[in-house]
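For the record, in the sequence shown the residue sitting at position 381 is 381 according to UniProt numbering, with numbers rising by one throughout.
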Amino acid sequence: MIKKTLGVLLFLLAIAGKTQVLYPDSYLVDYNKLLELQNDSLRKRIMVNTANVSPNEYDRTPEWNAWGDHYQIYTGGESRFSVLPVISSFGFNSKYPRSYNDGPVWRGKGMNADINFGFRGHFGMLHYTFAPVVYYAQNKDYPRPNGAASEFSYPYSSKIDWVQQYGPEAVTRFHMGQSDLRLIYKKLTLGVSTQNVVLGPSQVNPIIMSNNAAMFPHIDFGTDTPIETVIGDFEFRSYWGIMNESDYFDDNDRNNQRYFQGGGAYYRPSFLPGLSVGATRIHYRDWKIQKFALSDVFLSFADFSSNKDSLSSGSVVNDVYDQMIAINLKWTFEEVGFETYLEFAKNDFSNIRALATEPEHSRAYTIGFIKVFDLGDNKAVKATYEHTTLGQTRLIKLRFSPPYYLHHLAPQGYTEGGQLLGAGIGPGSNGDILMVNYYFPQGMYGMSLQRIRFNDDYAFAAFDPNGDRPFDVEYTATLKALRFVNDFTVGAELSLSNRLNWQYIKDNDVNNLYFRFVLGYQLANLAKQ
Numbered sequence: 001m002i003k004k005t006l007g008v009l010l011f012l013l014a015i016a017g018k019t020q021v022l023y024p025d026s027y028l029v030d031y032n033k034l035l036e037l038q039n040d041s042l043r044k045r046i047m048v049n050t051a052n053v054s055p056n057e058y059d060r061t062p063e064w065n066a067w068g069d070h071y072q073i074y075t076g077g078e079s080r081f082s083v084l085p086v087i088s089s090f091g092f093n094s095k096y097p098r099s100y101n102d103g104p105v106w107r108g109k110g111m112n113a114d115i116n117f118g119f120r121g122h123f124g125m126l127h128y129t130f131a132p133v134v135y136y137a138q139n140k141d142y143p144r145p146n147g148a149a150s151e152f153s154y155p156y157s158s159k160i161d162w163v164q165q166y167g168p169e170a171v172t173r174f175h176m177g178q179s180d181l182r183l184i185y186k187k188l189t190l191g192v193s194t195q196n197v198v199l200g201p202s203q204v205n206p207i208i209m210s211n212n213a214a215m216f217p218h219i220d221f222g223t224d225t226p227i228e229t230v231i232g233d234f235e236f237r238s239y240w241g242i243m244n245e246s247d248y249f250d251d252n253d254r255n256n257q258r259y260f261q262g263g264g265a266y267y268r269p270s271f272l273p274g275l276s277v278g279a280t281r282i283h284y285r286d287w288k289i290q291k292f293a294l295s296d297v298f299l300s301f302a303d304f305s306s307n308k309d310s311l312s313s314g315s316v317v318n319d320v321y322d323q324m325i326a327i328n329l330k331w332t333f334e335e336v337g338f339e340t341y342l343e344f345a346k347n348d349f350s351n352i353r354a355l356a357t358e359p360e361h362s363r364a365y366t367i368g369f370i371k372v373f374d375l376g377d378n379k380a381v382k383a384t385y386e387h388t389t390l391g392q393t394r395l396i397k398l399r400f401s402p403p404y405y406l407h408h409l410a411p412q413g414y415t416e417g418g419q420l421l422g423a424g425i426g427p428g429s430n431g432d433i434l435m436v437n438y439y440f441p442q443g444m445y446g447m448s449l450q451r452i453r454f455n456d457d458y459a460f461a462a463f464d465p466n467g468d469r470p471f472d473v474e475y476t477a478t479l480k481a482l483r484f485v486n487d488f489t490v491g492a493e494l495s496l497s498n499r500l501n502w503q504y505i506k507d508n509d510v511n512n513l514y515f516r517f518v519l520g521y522q523l524a525n526l527a528k529q
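Spelled out as structure tokens, the structure:
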């Protein structure tokens, strides 16, 4: 039996092609963005960013691809089965957990390891991807206040399932990761998936949907690639899913799940080259709080009024659903390798009059730019700057505004398995990041500088206006490198974080050292050996 299984595996490897899946926190994510900016002939998605590169997205070989065979584009074609590269990493956090935009993976204090692997392919219109992740976290204890909801939850609010430590022992978990099963017919797609989705143009801190947590199991329907018309390209995607509570929030089995419905619609006008605009809107609520109506299936397209008080007629209830909506803008100037973008979000229901008189109510935004310097000989530098603000404005003194990702009738908030589905810096926070990466045919070198001031919403409420103001602020410097060695990919990342007034305690300053080693291998090449 073992010999037969090995024989089948070797046969599959022999016929397999090499393709990529954009795992969260992978070096491939940033490189894929560079590839789009360097190839104006590619049919690019507008603002729906998934882990899979669609076979319809790259219908031709990119003119610029510094990494060549190390970044294989999945074009479908005759390849019914393709082995994905195995990518593993081993890391260490010295003082406290630090884990951003890494999907299902949790990187706690101490040693951490994860491995991504799998395969993908298609049978006619049916496309499949099996790309799970297995991860280990030593999950060592560290000084922290007990959580407001449980010992391991976020200590500054009881209305969010934001895990700060996954229990008292080491954690080993399997997650389906970037797996999905979908039908693709011309420009449309229908899928069942656990794949991470980023909606909007933001690179590091998308406000509505990011790579920060595992994606909940969901069904999606929309465009696979933009629909092209005389007036421009259109793209939309809607999602229906179940958000799950972690094991470290409460002991109430009746509130373990929340219903999610949302999505985005985006437009790239033909008469304004490079411009893309659109909107993202999501709703979530406790799964059992109330019976469902037909309107629950189409909430993203429902009435935007905040004055409804009943679902009996199919209207949206302000107090049952938490809503977030974002207006997205991206302008790309391909001839000079420059892109600027904005995500402007609202965290509450508003009518037209309220928007006109109080536009700053419950607002948040991410703004940034990307600049590519083409150095010739398949070498380029990509610089990215991004600023995010999630904190409440002064209007909070006159009109209540709930913190982002919290909701009183869905006490777990906007989370999946204990991690935030939106911006990883968390509710009430603001931050800046500058990243500069140098790409060349043999790999890349990079550096970044980041500042995060955590949860101003809590701080402004807790501090004495006439006393000390120990804001919890973190400054992080990161160096990274990646090299291709035959069929291997070898990478390393080193970060030093200086946390000032940690846990809002004056002069409680700590340093966290984070190190990660990455090793990848193209399994398909085993057939050559």
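The beta-carbon is built from N, C-alpha and C at its ideal position, and this holds for glycine as well.
The straight-line gap separating the alpha-carbon atoms of G274 and G424 is approximately 29 Å. When rounded, the separation of the alpha-carbon atoms in S210 and W162 is 15 Å. A residue is called buried once 16 or more other Cβ atoms fall within 10 Å of its Cβ, and L355, having fewer, is exposed.
V21 and T129 have their alpha carbons spaced roughly 9 Å apart. Inter-segment contact for the region 185 to 192 and the region 219 to 230 is present: three or more beta-carbon pairs are separated by less than 8 Å. Residue environment for L126: exposed (fewer than 16 other C-beta atoms within 10 angstroms of its C-beta).
The three-state secondary structure of T340, taken from DSSP, is strand. A straight line joining the alpha-carbon of P411 with that of F249 spans about 9 Å. By the neighbour-count criterion, in which a residue is buried when 16 or more other Cβ atoms sit within 10 angstroms of its Cβ, G426 is buried. L513: member of the beta strand (DSSP E) spanning V510 to Y521, first to last residue. If only uninterrupted beta strand (DSSP E) runs of at least 3 residues are considered, those enclosed by the region 83 to 154 are 86 to 93, 110 to 116, 119 to 123, 126 to 130 and 133 to 137. In this structure F119 is buried. Its beta-carbon is surrounded by 16 or more other beta-carbon atoms within 10 angstroms. Its chain contains V48, D220, G222, T223, G263 and G264 as the residues whose beta carbon lies nearer than 7 Å to that of R237, once the 5 sequence neighbours on both sides are disregarded; these appear in chain order. Spatial neighbours of L35 in its own chain (CB-CB distance under 8 Å, excluding positions within 5 residues in sequence) are listed in chain order as L42, P62, W64, N65 and Y71.
Annotation for V204: no alpha helix (DSSP H) segment contains it, and DSSP assigns it neither H nor E. Assignment of beta-bridge partners to I219 by DSSP yields V192 and W240. For Q323, the three-state secondary structure derived from DSSP is strand. Closest by C-alpha distance to Q442, out of R45, G68, D30 and L37, is G68.
Pairing Y31 with A364, the inter-Cα distance amounts to about 28 Å. Less than 9 Å divides the Cβ of D322 from the Cβ of H407. Straight through space, the alpha carbons of Y284 and P217 are spaced by roughly 14 Å.
Our two residues, M176 and H122, have alpha carbons roughly 19 Å apart in a direct line. Listed in chain order, the non-local C-beta contacts of S158 below 6 Å within the same chain comprise A148 and A149, local neighbours out to five positions each way being set aside. When the five nearest sequence neighbours on each side are left out, the beta carbons in the same chain lying within less than 7 Å of the beta carbon of T172 are those of Y136, in order along the chain. Assignment of S295 by DSSP, reduced to helix, strand and coil, places it in the helix class. By the neighbour-count criterion, in which a residue is buried when 16 or more other Cβ atoms sit within 10 angstroms of its Cβ, I325 is buried. For F454, there is no enclosing alpha helix (DSSP H), as DSSP marks it with neither H nor E. Residue nearest to S202 within the set L342, L420 and V381 is L342 (criterion: CA-CA distance). Only buried fits A131, as 16 or more other CB atoms lie within 10 angstroms of its CB. A Cβ-Cβ contact shorter than 9 Å links N196 with P24. The Cβ neighbour count for T366, taken over all protein chains shown within 10 Å, is at least 16; the residue is labelled buried. Along the length of the region 400 to 459, whole alpha helix (DSSP H) runs at least 4 residues long do not occur. With a 10 Å radius around the Cβ and a threshold of 16 neighbouring Cβ atoms, T357 comes out exposed. Listed in chain order, the alpha helix (DSSP H) elements of length 4 or more contained wholly in the region 347 to 382 are 352 to 357. Counting C-beta pairs closer than 8 Å gives fewer than three between the region 481 to 488 and the region 448 to 466, which falls short of the contact rule.
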